[in-house]
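Enquirer:
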Ligand code: GLU
Ligand code: ZN
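Structure follows, in structure tokens:
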């Protein structure tokens, strides 16, 4: 009998810019528990697409930490550096749809041309005004331009399982964005969409720092004729002193000896209510409790520690 593909396929997609820290452990845990609770598969994808930011040894160190902390992933790890052909193909599709153009603006000239717009959650950023949108690829060498995609004047909306209804007009709120940089590297927005589709990811659970990227990803999914995954963004944890969670274990990382106390803290950050005794238990008992009691909906409210 043919093995049926489970309907739930989740993933954890760290960028190997450093070791696994507490913030990324929370993201791994939320996506893992939600996948397992739904009898789904959980994949790990190494998002090493931005080769200039990769730190030597970080990918292996992240995987060692995950393993030591008891995570079990399905299938082989997918490395984005091995996926260039797929990104080139996606770009060719977008090119054939006349959706992309070469942008030869320098950083300095962009500052002068771009207008300030509301980009995310009340924050302001520069909106590229489409200055190069009539330029032709044939007039330039590939290292003379970044590739931008024309954003439609249209609202992209989705219902986030934790944060509710979200909407963004890509043209007025964000502007045409880069999908391949001038240095030849593909942008995260394109890579993540191509790979989520390739890996048949049905559910994405990740931190709210990526909420603002979601409408760009919906737009790319539609352009490339991919199906749209279901999204849940958990609120980020902010410390009383304003530090992000990643700072605590930032440079050194969480290491590769399972620390049950740390796992329990992550569960608590995700709104779960583990009993005090859980810190004394074994790694297997920790995961058993976590799986039996996991409720994603409890992760809704941001916590301050
Ligand atoms: N690689 C991204 C990061 O580490 C996560 C991408 C995602 O979950 O969509 O921030
Ligand atoms: Zn330009």
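Residue numbers (this note's numbering): 1 to 305.
Even glycine gets a Cβ: it sits at the ideal position worked out from N, Cα and C.
DSSP three-state call for residue 172: helix, strand or coil?
Expert: One-based indexing of the chain shown puts residue 172 at position 172. Residue 172 falls in the helix class under three-state DSSP.
Enquirer: Do the region 145–152 and the region 164–184 make contact, defined as three or more Cβ pairs closer than 8 Å?
Expert: yes
Enquirer: Is residue 160 helix, strand or coil when you go by DSSP?
Expert: As a first step, residue 160 must be located in the chain shown, where it is residue number 160. Strand.
Enquirer: Hey, how far is the Cα of residue 25 from the Cα of residue 137?
Expert: Within the chain shown, residue 25 is the residue found at index 25, counting from 1. Within the chain shown, residue 137 is the residue found at index 137, counting from 1. Whole-angstrom Cα-Cα distance: 42 Å.
Enquirer: Quick check: residue 193 and residue 35, are their CB atoms within less than 9 Å of each other?
Expert: What you label residue 193 is simply residue 193 of the chain shown in a count that begins at 1. What you label residue 35 is simply residue 35 of the chain shown in a count that begins at 1. Taking 9 Å as the Cβ cut-off, residue 193 and residue 35 do not qualify as a contacting pair.
Enquirer: Residue 98: buried (16+ other C-beta within 10 angstroms of its C-beta) or exposed?
Expert: Numbered from its first residue, the chain shown carries residue 98 at position 98. Exposed is the call here.
Enquirer: Tell me whether residue 214 sits in a helix, a strand or coil according to DSSP, three-state version.
Expert: What you label residue 214 is simply residue 214 of the chain shown in a count that begins at 1. Secondary structure of residue 214 (DSSP, three-state): helix.
Enquirer: For residue 295, does the count of other Cβ atoms within 10 angstroms reach 16, so buried, or fall short, so exposed?
Expert: Sequence index remark: in the chain shown, residue 295 carries index 295 (1-based). Exposed: under 16 other Cβ atoms inside 10 Å.
Enquirer: Are the region 7–20 and the region 46–61 touching, with three or more C-beta to C-beta distances below 8 Å?
Expert: yes
Enquirer: What's the C-alpha gap between residue 74 and residue 131?
Expert: Reading the chain shown from its first residue, position 74 is the one you call residue 74. Reading the chain shown from its first residue, position 131 is the one you call residue 131. Going by the C-alpha atoms only, they are around 45 Å apart.
Enquirer: Confirm the yes/no value for this check: CB of residue 174, any heavy atom of ligand 2, distance under 8 Å.
Expert: Numbered from its first residue, the chain shown carries residue 174 at position 174. For ligand 2, not one heavy atom lies less than 8 Å from the Cβ of residue 174.
Enquirer: What residue range is occupied by the uninterrupted alpha helix (DSSP H) comprising residue 128?
Expert: Residue mapping note: residue 128 aligns to position 128 of the chain shown, counting from 1. Premise fails: residue 128 is in no alpha helix (DSSP H) and is neither H nor E.
Enquirer: Could you tell me the distance, in whole angstroms, from the CA atom of residue 195 to the CA atom of residue 77?
Expert: Within the chain shown, residue 195 is the residue found at index 195, counting from 1. Within the chain shown, residue 77 is the residue found at index 77, counting from 1. Looking at the two C-alpha atoms, the distance is approximately 12 Å.
Enquirer: Taking its Cβ as the centre, do 16 or more other Cβ atoms sit within 10 Å of residue 173, making it buried, or is it exposed?
Expert: Taking the chain shown and counting its residues from 1, the one referred to as residue 173 is at position 173. Looking at its Cβ environment, which holds 16 or more other Cβ atoms inside 10 Å, residue 173 is buried.
Enquirer: Within 10 angstroms of its Cβ, does residue 55 collect 16 or more other Cβ (buried), or is it exposed?
Expert: Looking up residue 55 in the chain shown gives position 55. Result: exposed.
Enquirer: So for residue 41, helix, strand or coil by DSSP?
Expert: Within the chain shown, numbered from 1, the residue matching residue 41 stands at position 41. Correct three-state label for residue 41: strand.
Enquirer: Throw me the rounded Cβ distance for the residue 258 and residue 71 pair, which I believe falls under 8 Å.
Expert: One-based indexing of the chain shown puts residue 258 at position 258. One-based indexing of the chain shown puts residue 71 at position 71. Not really, about 10 Å apart at Cβ, beyond 8 Å.
Enquirer: For residue 285, collect the residues of the same chain with a Cβ closer than 8 Å to its Cβ; drop the 5 residues on either side in sequence, then sort them by chain order.
Expert: Here the question's residue 285 lines up with position 285 in the chain shown. 278.
Enquirer: What do you reckon, are the CB atoms on residue 142 and residue 184 nearer than 9 Å?
Expert: Walking along the chain shown from the start, residue 142 turns up at place 142. Walking along the chain shown from the start, residue 184 turns up at place 184. Remark: C-beta atoms of residue 142 and residue 184 approach each other more closely than 9 Å.
Enquirer: Mind checking whether the beta-carbon of residue 110 lies closer than 8 Å to any heavy atom of ligand 2?
Expert: Mapped onto the chain shown, residue 110 falls at position 110. Under cutoff, so the answer is yes.
Enquirer: Please determine whether the Cβ atom of residue 148 lies at a distance below 8 Å from any heavy atom of ligand 2.
Expert: Numbered from 1 along the chain shown, position 148 holds the residue referred to as residue 148. A distance criterion of 8 Å places the beta-carbon of residue 148 in contact range of ligand 2, judged by its closest non-hydrogen atom.
Enquirer: Could you name the residues that DSSP lists as bridge partners for residue 167?
Expert: Position 167 of the chain shown holds residue 167. 157, per the DSSP bridge assignment.
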